[in-house]
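**Student:** Okay, handing you the structure first.
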Amino acid sequence: MHTKNISVGGGKTKKWAATAKASTRENITLLDVIRGRLELADNTSEVKKILQKGLVQVDGKTVKEANLGVGLMSVVSIPKIKKHYRILTSDKGLTVREIPSKEAELKLCRVNGKKTISGGKTQLSLHDGSTILYDKECAVNDTLVLQLPQREVSKRIPLKAGAQVLVYWGRHSGTIGEISEVIAGTQSRKSLSKVGGSQTLTDYVFVVGDKKPEITI
13 MHTKNISVGG GKTKKWAATA KASTRENITL LDVIRGRLEL ADNTSEVKKI
63 LQKGLVQVDG KTVKEANLGV GLMSVVSIPK IKKHYRILTS DKGLTVREIP
113 SKEAELKLCR VNGKKTISGG KTQLSLHDGS TILYDKECAV NDTLVLQLPQ
163 REVSKRIPLK AGAQVLVYWG RHSGTIGEIS EVIAGTQSRK SLSKVGGSQT
213 LTDYVFVVGD KKPEITI
């Protein structure tokens, strides 16, 4: 496993690890990512020094708050050492995975809600808590591919049979595969999706590609 060093002040260096341990939380703080996952710092003070130097970016923008939460599909970058990581999920919770530099410019966002606002514009609510105006065809449960840091939509990936998905919640969390069938919901039952040999709530499915994943999973 390749590692690189980055100065944290006072002449001290620590190693950036290419892999990380699992988590059980929906969001993890930068403090946890830097100190606990990538093992760059020994304590909170060192983490704050790293952040105050402007060495860390989230989704392409410099951040300095140690308690900032990063969630599924967020991109954490350290330009000084040319390292990039994406927050993903497994059966044990959130994980931090190293990704190629070209993928650091992409963020997949799941469409969780859709409504019409003043002026007849369509506003989409995304899984990361943000909203975006989008005037093209789009449905809840679809995925938008955003270009970072501008967050411009470059592609829409619809939820449909044949799409590649990541199950991000529930007993099958971490499962990656192809949707074989989407079962419409009723008044008494939510929509279901069949992924591989398993069946899960469509609410737990995150589309990551059409015929293949758009990013490293």
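Using this note's numbering, you'd call the opening residue of the sequence shown number 13 and step up by one each time.
Idealized CB from N, CA, C, for every residue including glycine.
Could you have a look at Gly189 and say whether DSSP puts it in helix, strand or coil?
**Tutor:** DSSP places Gly189 in strand when its eight states are reduced to three.
**Student:** What is the DSSP secondary structure of Tyr146, counted as helix, strand or coil?
**Tutor:** Coil at Tyr146, not helix or strand.
**Student:** Candidates Arg47, Val177 and Cys150: which alpha carbon is nearest Val194's?
**Tutor:** That would be Val177, whose Cα lies nearest to the Cα of Val194.
**Student:** Please list, in chain order, all residues of the same chain as Trp181 whose beta carbon is under 6 angstroms from its beta carbon, the five residues on each side excluded.
**Tutor:** Answer for Trp181: Tyr216, listed in chain order.
**Student:** Any chance the stretch 101-114 sits against the stretch 126-136, with 3 or more Cβ pairs inside 8 angstroms?
**Tutor:** No, the stretch 101-114 is not in contact with the stretch 126-136.
**Student:** Since Lys119 and Leu80 should fall inside the 8 angstroms C-beta cutoff, what is the C-beta to C-beta distance between them, to a whole number of angstroms?
**Tutor:** Actually they are not in contact, since the Cβ atoms of Lys119 and Leu80 sit about 16 angstroms apart, beyond 8 angstroms.
**Student:** Tell me which residues share the same chain as Pro225 and place their Cβ nearer than 7 angstroms to its Cβ, disregarding the 5 neighbours each side in the sequence.
**Tutor:** Contacts found: Gln176.
**Student:** Check the C-beta distance from Leu63 over to Lys76 and give it rounded, since I have them as a contact under 8 angstroms.
**Tutor:** Confirmed, about 5 angstroms.
**Student:** Look at Val8 and Ile169 and say whether their C-beta atoms are less than 7 angstroms apart.
**Tutor:** In the structure as shown, the chain starts at 13 and stops at 229, and residue 8 therefore has no counterpart that could be examined.
**Student:** What did DSSP end up calling Gln211 once you bin it into helix, strand or coil?
**Tutor:** Of the three classes helix, strand and coil, the one that applies to Gln211 here is strand, per DSSP.
**Student:** For Val45 versus Val88, is the C-beta spacing smaller than 7 angstroms?
**Tutor:** Yes, Cβ-Cβ distance for Val45 and Val88 is below 7 angstroms.
**Student:** Going by the CB atoms, is the gap between Val207 and Ile191 shorter than 7 angstroms?
**Tutor:** Yes, Cβ-Cβ distance for Ile191 and Val207 is below 7 angstroms.
**Student:** What is the rounded straight-line gap between the Cα of Ser137 and the Cα of Arg98?
**Tutor:** Spanning the two alpha carbons is a distance of roughly 21 angstroms.
**Student:** My output table needs one value for Lys92: the three-state DSSP class, helix, strand or coil.
**Tutor:** Three-state result, Lys92: helix.
**Student:** Quick one: Cα of Leu171 to Cα of Gly132, how far?
**Tutor:** Approximately 25 angstroms, taken between the alpha carbons.
**Student:** Could you check the C-alpha separation between Lys167 and Cys121 for me, to the nearest Å?
**Tutor:** If you take the alpha carbons of Lys167 and Cys121, they lie about 11 angstroms apart.
**Student:** Let me know the secondary structure DSSP gives Thr8 once reduced to three states.
**Tutor:** Any property of residue 8 remains undetermined from this structure, which presents the chain solely from 13 to 229.
**Student:** Is it buried or exposed, Thr155, if we count other Cβ atoms within 10 angstroms and call 16 or more buried?
**Tutor:** Thr155 comes out buried.
**Student:** Express the C-alpha separation of Asp71 and Ile90 in angstroms, rounding to a whole number.
**Tutor:** Their backbone Cα atoms lie some 11 angstroms apart in a straight line.
**Student:** Give the range of the beta strand (DSSP E) segment to which Leu63 is assigned.
**Tutor:** Per DSSP, Leu63 belongs to no beta strand (DSSP E); it is in the alpha helix (DSSP H), Thr56 to Gln64.
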